[in-house]
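What follows is a short report on a single structure.
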Amino acid sequence: MKPLHICITTVLFDRKPEGICTGRLIRALLQRGHRVTVLTSSKEGSSLHHPRLKKIVFSHRPRYPRALFKLMAGIEGGVFSNFYLWAKRAAGHDFAQDIPDVFYGRAWPHASMVPAYQLARKYRRPLLLHFSDPFPAPNEDVSFDGPFFRNLQKMVDVAGAITFTNSETIAYQQRHLNFDSAKAHVLNHISPDPVMFDGAGQQGHFYHVGWVGPSRSPVPLLEGFALHVMDHPASRLYFVGANPKHVVPEIDARGLSEVVKVLPFTDDVQTVFEKAGILVSIDTEATPAIFTPTKIVEYMVTSRPILAVTPQDSPVSRLLRRAPDTAVAVSDYAAEAVAAGMAQVLQLEWSGEVYEKRLAAMAEFGAMSVAAAFEEMVDALMLKGARPATDDRG
Numbered sequence: 235m236k237p238l239h240i241c242i243t244t245v246l247f248d249r250k251p252e253g254i255c256t257g258r259l260i261r262a263l264l265q266r267g268h269r270v271t272v273l274t275s276s277k278e279g280s281s282l283h284h285p286r287l288k289k290i291v292f293s294h295r296p297r298y299p300r301a302l303f304k305l306m307a308g309i310e311g312g313v314f315s316n317f318y319l320w321a322k323r324a325a326g327h328d329f330a331q332d333i334p335d336v337f338y339g340r341a342w343p344h345a346s347m348v349p350a351y352q353l354a355r356k357y358r359r360p361l362l363l364h365f366s367d368p369f370p371a372p373n374e375d376v377s378f379d380g381p382f383f384r385n386l387q388k389m390v391d392v393a394g395a396i397t398f399t400n401s402e403t404i405a406y407q408q409r410h411l412n413f414d415s416a417k418a419h420v421l422n423h424i425s426p427d428p429v430m431f432d433g434a435g436q437q438g439h440f441y442h443v444g445w446v447g448p449s450r451s452p453v454p455l456l457e458g459f460a461l462h463v464m465d466h467p468a469s470r471l472y473f474v475g476a477n478p479k480h481v482v483p484e485i486d487a488r489g490l491s492e493v494v495k496v497l498p499f500t501d502d503v504q505t506v507f508e509k510a511g512i513l514v515s516i517d518t519e520a521t522p523a524i525f526t527p528t529k530i531v532e533y534m535v536t537s538r539p540i541l542a543v544t545p546q547d548s549p550v551s552r553l554l555r556r557a558p559d560t561a562v563a564v565s566d567y568a569a570e571a572v573a574a575g576m577a578q579v580l581q582l583e584w585s586g587e588v589y590e591k592r593l594a595a596m597a598e599f600g601a602m603s604v605a606a607a608f609e610e611m612v613d614a615l616m617l618k619g620a621r622p623a624t625d626d627r628g
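According to the numbering used here, the residues represented by the sequence shown are 235 to 628, in order.
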């Protein structure tokens with residue numbers, strides 16, 4: 235397709251999982267010859283410079299009082315979000331004569347979608363929305379007839395295409411928002427470049443990288459490891475980048491402080507991956523199982539075995555089935571089952587040939603592959619002459 239001018243709106247450019255994935259997509263689109271304008275917030279963390287990239291940063295402050303901003307949104311006919319003033323500033327950007335061909339709102343948070351929606355309507359250009367996570371999260375108690383979901387529905391109605399990270403999320407989101415399946419597309423998380431390390435990591439050293447907390451509790455891992463370490467006293471468990479307040483009390487309560495450690499956040503995750511004997515992931519224990527955490531995609535493009543505690547038939551377990559000789563999925567969150575999974579993953583033999591097959595199986599998650607899928611979707615949208623409909627609800 236001919237090079238496009240693409241506007242991407244995102245609160246967290248190059249920060250946190252969704253912002254990092256968005257940054258990888260932007261780099262791939264630039265490499266493929268497109269121009270990109272990024273409207274982002276002062277919470278962004280990118281140092282990317284490119285002759286075809288224009289980054290415009292709007293302040294995300296103030297964010298309080300929320301009640302006032304809700305009132306403003308009602309009076310102004312705007313879309314309320316927890317970054318209301320940022321979205322309002324970004325949506326007010328004047329493109330003059332250099333109007334983008336498409337607008338793409340990349341959420342999380344959902345505020346990232348709002349300027350794309352408003353600008354697409356203003357300039358009569360196709361709108362695309364990306365739901366990195368669904369609304370609401372499974373098991374979350376929310377009111378579906380409130381203004382939040384009315385605003386989401388309003389944006390979805392105008393969008394020519396909506397992207398999700400897996401097909402399970404599409405089906406789940408259709409329970410709560412009304413949209414035609416033809417609008418919905420799977421656009422994979424983008425993996426970093428594959429890494430083949432020289433040999434195995436530290437035997438028996440389990441590394442969990444990223445966030446844990448109330449909705450993704452470390453307790454099943456800790457209780458499983460407490461049993462595991464009785465038979466494997468040389469094993470160690472590390473939580474990298476987790477908030478200590480969510481982990482340390484649980485470690486101490488089980489008397490594991492000598493064998494389980496919390497390590498600080500690092501941007502150099504490849505060094506962590508290289509050290510690791512086993513990379514660990516734990517999913518939210520929720521029904522339905524719909525999440526594809528970015529960490530599991532990043533794990534899969536390394537030559538390290540993976541232990542995933544994840545619901546049965548989840549997107550994670552389906553992904554791990556691409557490389558069964560290098561990964562173990564545990565669907566039972568009980569301590570005994572987790573401990574058995576830890577023992578099982580220790581038995582996997584490291585083989586360069588086996589890991590080369592795993593890296594090859596992950597090719598569709600590579601930046602160029604995902605960018606090509608995005609181009610194909612946009613090309614089809616523009617061929618249909620898609621333009622946002624005028625929405626007189628605001």
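The beta-carbon is built from N, C-alpha and C at its ideal position, and this holds for glycine as well.
All of these numbers come straight from a predicted model, not from anything done at the bench.
**Request:** Report the rounded CA-to-CA distance for L456 versus L386, giving the unit in angstroms.
**Result:** In the sequence shown, residue 456 corresponds to position 222, counting from 1. In the sequence shown, residue 386 corresponds to position 152, counting from 1. In a straight line, the C-alpha of L456 is about 38 Å away from that of L386.
**Message:** If you follow the beta strand (DSSP E) that K289 is in, where does it begin and where does it stop?
**Reply:** Against the sequence shown, residue 289 aligns to sequence position 55. Run containing K289: L287 to F292, per the beta strand (DSSP E) assignment.
**Asked** What do you reckon, are the CB atoms on H410 and F383 nearer than 8 Å?
**Response** In the sequence shown, residue 410 corresponds to position 176, counting from 1. In the sequence shown, residue 383 corresponds to position 149, counting from 1. It is a contact, given that the beta carbons lie within the stated cut-off.
**Message:** I need the DSSP call for L361, collapsed to helix, strand or coil.
**Reply:** Position 127 of the sequence shown, counted from the first residue, corresponds to residue 361. In the structure shown, L361 sits in a strand (DSSP, three-state: E or B).
**Asked** Which same chain residues, not among the five before or five after R295, have their C-beta less than 6 Å away from its C-beta?
**Response** Counting from 1 along the sequence shown, the entry for residue 295 is found at position 61. Here the set comprises nothing.
**Prompt:** By Cβ distance below 6 Å, which residues in the same chain neighbour P549 in space, the five residues on each side in sequence not counted?
**Reply:** By one-based count along the sequence shown, residue 549 stands at place 315. Within the same chain, P549 has close Cβ partners N400, E402 and T526.
**Message:** Just to confirm the assignment, what range does the beta strand (DSSP E) spanning R269 have?
**Reply:** As a first step, residue 269 is located in the sequence shown; it is residue number 35 there, counting from the start. Segment R269 to S275, the beta strand (DSSP E) holding R269.
**Item:** Among D248, V588, G447 and N412, nearest to K289 - alpha-carbon criterion
**Value:** Looking up residue 289 in the sequence shown gives position 55. Of D248, V588, G447 and N412, the residue nearest in Cα terms is D248.
**Asked** Excluding sequence positions up to five away, which residues of its chain have a Cβ less than 7 Å from the Cβ of V216?
**Response** With the chain covering 235 to 628 only, the question about residue 216 has no answer from this structure.
**Asked** Does the beta carbon of K250 come closer than 8 Å to any beta carbon on chain B?
**Response** The displayed structure is made up of one protein chain only, and chain B is not part of it.
**Request:** Please name the residue in P545, A594, E583 and E278 whose C-alpha comes closest to that of G433.
**Result:** Position 199 of the sequence shown, counted from the first residue, corresponds to residue 433. The candidate whose alpha carbon is nearest that of G433 is E583.
**Request:** Would you mind reading off the limits of the beta strand (DSSP E) that contains V572?
**Result:** Mapped onto the sequence shown, residue 572 falls at position 338. Careful: V572 lies outside any beta strand (DSSP E), inside the alpha helix (DSSP H) at A569 to L580.
**Asked** If we call anything under 8 Å between Cβ atoms a contact, is A568 one with H462?
**Response** For the purposes of this step, residue 568 is taken as residue 334 along the sequence shown, with counting starting at 1. For the purposes of this step, residue 462 is taken as residue 228 along the sequence shown, with counting starting at 1. Against a cut-off of 8 Å, the Cβ pair of H462 and A568 comes out as no contact.
**Prompt:** Between the segment 601 to 621 and the segment 486 to 494, are three or more C-beta pairs nearer than 8 Å?
**Reply:** no
**Item:** Buried or exposed (CB count within 10 angstroms, at least 16 for buried), A476
**Value:** Taking the first residue of the sequence shown as position 1, residue 476 is located at position 242. With 16 or more Cβ atoms within 10 Å of its Cβ, A476 is classed as buried.
**Request:** Consult DSSP for T256 and reduce its assignment to one of helix, strand or coil.
**Result:** Numbered from 1 along the sequence shown, position 22 holds the residue referred to as residue 256. Three-state result, T256: helix.
**Asked** CA-CA distance, S415 and L421?
**Response** The residue you call residue 415 lines up with position 181 of the sequence shown. The residue you call residue 421 lines up with position 187 of the sequence shown. When rounded, the distance between both Cα atoms is 14 Å.
**Message:** Please state whether the Cβ-Cβ distance between S276 and F317 is less than 8 Å.
**Reply:** Residue mapping note: residue 276 aligns to position 42 of the sequence shown, counting from 1. Residue mapping note: residue 317 aligns to position 83 of the sequence shown, counting from 1. No, the Cβ-Cβ distance between S276 and F317 is not below 8 Å.
**Request:** Could you tell me which of G253, I260, G438 and S315 sits nearest to I240, measuring between CA atoms?
**Result:** For this step, residue 240 is matched to residue 6 along the sequence shown. The option with the nearest alpha carbon to I240 is I260.
**Paired residues, beta bridge with R340 - DSSP** = Within the sequence shown, numbered from 1, the residue matching residue 340 stands at position 106. DSSP, once it has assigned bridges, lists H364 as partnering R340.
**Prompt:** Is DSSP giving R627 helix, strand or coil here?
**Reply:** Counting from one through the sequence shown, the residue named residue 627 turns up at place 393. Confidence is the limiting factor: at R627 the pLDDT is only 42, short of 50, which leaves the residue's position unreliable and the question unanswerable from this model.
**Own chain partners of R323 with C-beta closer than 6 Å, once the 5 adjacent residues on each side are dropped** = Translated into positions along the sequence shown, residue 323 becomes position 89. Same-chain partners within the cutoff: F292.
**Residues bridged to K356 [DSSP beta-bridge criterion]** = Position 122 of the sequence shown, counted from the first residue, corresponds to residue 356. Answer is none; K356 lacks a bridge partner.
**Message:** Rounded to the nearest angstrom, what separates Y351 and T243 at their Cα positions?
**Reply:** The residue labelled residue 351 in the question sits at position 117 within the sequence shown. The residue labelled residue 243 in the question sits at position 9 within the sequence shown. Going by the C-alpha atoms only, they are around 10 Å apart.
**Request:** Identify whether V392 lies in helix, strand or coil by the three-state DSSP scheme.
**Result:** Position 158 of the sequence shown, counted from the first residue, corresponds to residue 392. Looking at V392 - three-state DSSP - the assignment turns out to be helix.
**Request:** Put R384 into one of helix, strand or coil per three-state DSSP.
**Result:** For the purposes of this step, residue 384 is identified with residue 150 of the sequence shown, where counting begins at 1. In the structure shown, R384 sits in a helix (DSSP, three-state: H, G or I).
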